[in-house]
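Here's the structure we're looking at; comments come further down.
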Amino acid sequence: MDAATPAKAQTADTHSHLVRPDSMEWQKTRFPGCEAKTLLFDRKTGLMTALMKFAPGAVLPDHEHVNIEQTYVLEGSLIDKEGPAKGIECKAGEFIWREEGSRHVAWCPQGGLMLAIFQVPNKFFEADGRVIDAAGEDWDAAWGHTRKS
1 MDAATPAKAQ TADTHSHLVR PDSMEWQKTR FPGCEAKTLL FDRKTGLMTA
51 LMKFAPGAVL PDHEHVNIEQ TYVLEGSLID KEGPAKGIEC KAGEFIWREE
101 GSRHVAWCPQ GGLMLAIFQV PNKFFEADGR VIDAAGEDWD AAWGHTRKS
């Protein structure tokens, strides 16, 4: 597993990995107005915990949560812009989780800061029919192995 930990060598023997988000830079994503600080990422399973920052009006396009997704909103709000739960709003201090297979478009009209936990990377549905991950890679090629028992 990768953890963005400057002091990784100091914590390896204890099996505890201290991450200091305040000392990390925000990383741009391929989604306009969305930046992330990855706190934990397991390249084998796809497990990821991240701080996500959205500029006002930012949209996370059509995507499916392959397994359970959890989000705690620290600032602003997160709204389902499209999908079965259209209009549901999770505000600062609230927690939302989505079931395996849920699909929607997320929107932050006033911006937001969230702590998000994904068991497996999301599937993003492109207009040309491709299904990719957040990095733009073919989802099946990169993460298909996570669906096999």
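Throughout the sequence shown, residue numbering follows the UniProt record's numbering, covering 1 to 149 in sequence. Note that beta-carbon positions come from the ideal geometry of N, C-alpha and C, so glycine has one too.
May I ask you to list the residues that DSSP assigns as paired with residue i?
| i | result |
| --- | --- |
| Gly76 | Gly112 |
| Trp107 | Val59 and Ile79 |
| Trp97 | Gln70 |
| Glu89 | Ile79 |
| Asp138 | Ile132 |
| Glu35 | Lys28 and Lys53 |
| Lys123 | Glu64 |
| Leu40 | Thr49 |
Taking 8 Å as the threshold (C-beta atoms), are residue j and residue i in contact?
| i | j | result |
| --- | --- | --- |
| Gly60 | Ala106 | Here the sequence assigns Leu to residue 60, which means Gly is not the residue at that position. The answer is yes: Cβ separation under 8 Å. |
| Lys37 | Pro56 | no |
| Glu25 | His65 | no |
| Glu75 | Leu113 | yes |
| Ala85 | His104 | yes |
| Glu89 | Ile79 | yes |
Which same chain residues end up closer than 7 Å to residue i when comparing Cβ atoms and leaving out the 5 residues on each side of it in sequence?
| i | result |
| --- | --- |
| Lys91 | Val73 and Ser77 |
| Thr146 | Thr45, Gly46 and Val120 |
| Met52 | Cys34, Ala36, Met114 and Ala116 |
| Ala7 | With a pLDDT of only 44 at Ala7, under the threshold of 50, the placement of this residue in the model should not be trusted, and no figure is reported. |
If I'm right that residue i touches residue j with Cβ under 8 Å, what's the distance once you round it to whole angstroms?
| i | j | result |
| --- | --- | --- |
| Glu69 | Arg30 | The Cβ separation is near 18 Å, so there is no contact. |
| Asp133 | Phe124 | 7 Å |
| Phe54 | Gly111 | 5 Å |
For residue i, collect the residues of the same chain with a Cβ closer than 6 Å to its Cβ; drop the 5 residues on either side in sequence, then sort them by chain order.
| i | result |
| --- | --- |
| Ala58 | Gly33, Cys34 and Cys108 |
| Thr71 | Ile96, Met114 and Ala116 |
| Thr14 | none |
Keeping to the same chain, check which residues put their C-beta closer than 8 Å to that of residue i; ignore five residues upstream and five downstream.
| i | result |
| --- | --- |
| Val131 | Lys123, Phe124, Phe125, Asp138, Trp139 and Asp140 |
| Glu82 | Asp62, His104 and Val105 |
Would the C-beta of residue i count as close to the ligand FMN, meaning under 7 Å from any of its heavy atoms?
| i | result |
| --- | --- |
| Pro56 | Absence of the ligand FMN is noted for the structure shown, with no ligands found whatsoever. |
Stretch pair the stretch 40-59 + the stretch 100-119: three plus CB contacts closer than 8 Å: yes
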